[in-house]
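>
Numbering (our numbering), first residue to last: 11 to 144.
Next up, the structure:
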């Protein structure tokens with residue numbers, strides 16, 4: 011279990027090196043607090059830790075036979091380090107108030123490509139489900 015909803019201060023190299031987990035569960039709701047943080051997700055991905063998120067998969071159930079652990083959900087795919095430079099592309103809709111990654115389930119058929127800077131200039135906020143760059 012990742013600490014404090016996967017915040018940037020709750021999970022670090024020292025902890026992961028000491029524990030050496032195969033799996034991580036991030037218990038987090040849909041929110042605007044920036045949880046889980048990109049740095050936590052990137053660290054988990056860098057260490058090849060299978061990560062499960064309740065904001066994406068709902069309730070996560072892990073079962074053990076004593077030799078093997080199985081989950082009721084598939085691990086969340088974690089993209090590599092997210093860039094926040096001027097060329098970062100995000101997607102918006104005509105009427106929405108959020109910006110998204112291209113594979114976000116909340117993004118409707120009418121996805122409009124724009125830069126992160128333009129989305130911010132329009133006072134759009136990042137989607138809490140797909141967690142695009144901020």
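The C-beta atom is built at its ideal place from N, Cα and C for all residues, glycine as well.
Please report the straight-line C-alpha distance between residue 45 and residue 141, rounded to a whole angstrom.
Approximately 8 Å between the Cα atoms of the pair.
> Should residue 94 be labelled buried (16 or more other beta-carbon atoms within 10 Å of its own) or exposed?
Legend: pLDDT at residue 94 = 48, less than 50; position of this residue unreliable, value from coordinates given subsequently. Exposed, because fewer than 16 other Cβ atoms sit within 10 Å of the Cβ of residue 94.
> Near residue 39, what residues of its chain come up, given a Cβ to Cβ distance below 7 Å and the 5 sequence neighbours on each side ignored?
Here the set comprises 65.
> Just checking, does the segment 100 to 116 make contact with the segment 76 to 85 on the three C-beta pairs under 8 Å criterion?
No: the two stretches stay apart, fewer than three of their Cβ pairs being nearer than 8 Å.
> Report the rounded CA-to-CA distance for residue 88 versus residue 18, giving the unit in angstroms.
Straight-line Cα distance between these residues: approximately 16 Å.
> Nearest to residue 135 by CA position, among 100, 115, 118 and 21, is which residue?
The candidate whose alpha carbon is nearest that of residue 135 is 100.
> Taking the continuous alpha helix (DSSP H) assigned at residue 29, which residues delimit it?
Residues 23 to 29.
> When DSSP labels each residue in this structure, what does residue 69 get in the three-state scheme?
Coil, per DSSP.
> In this structure, how does DSSP classify residue 83 when only helix, strand and coil are distinguished?
Three-state DSSP puts residue 83 in coil, outside helix and strand.
> From residue 125 to residue 33, what does the alpha carbon distance come to, in whole angstroms?
Whole-angstrom Cα-Cα distance: 34 Å.
> Any idea what DSSP makes of residue 110, helix, strand or coil?
Three-state result, residue 110: strand.
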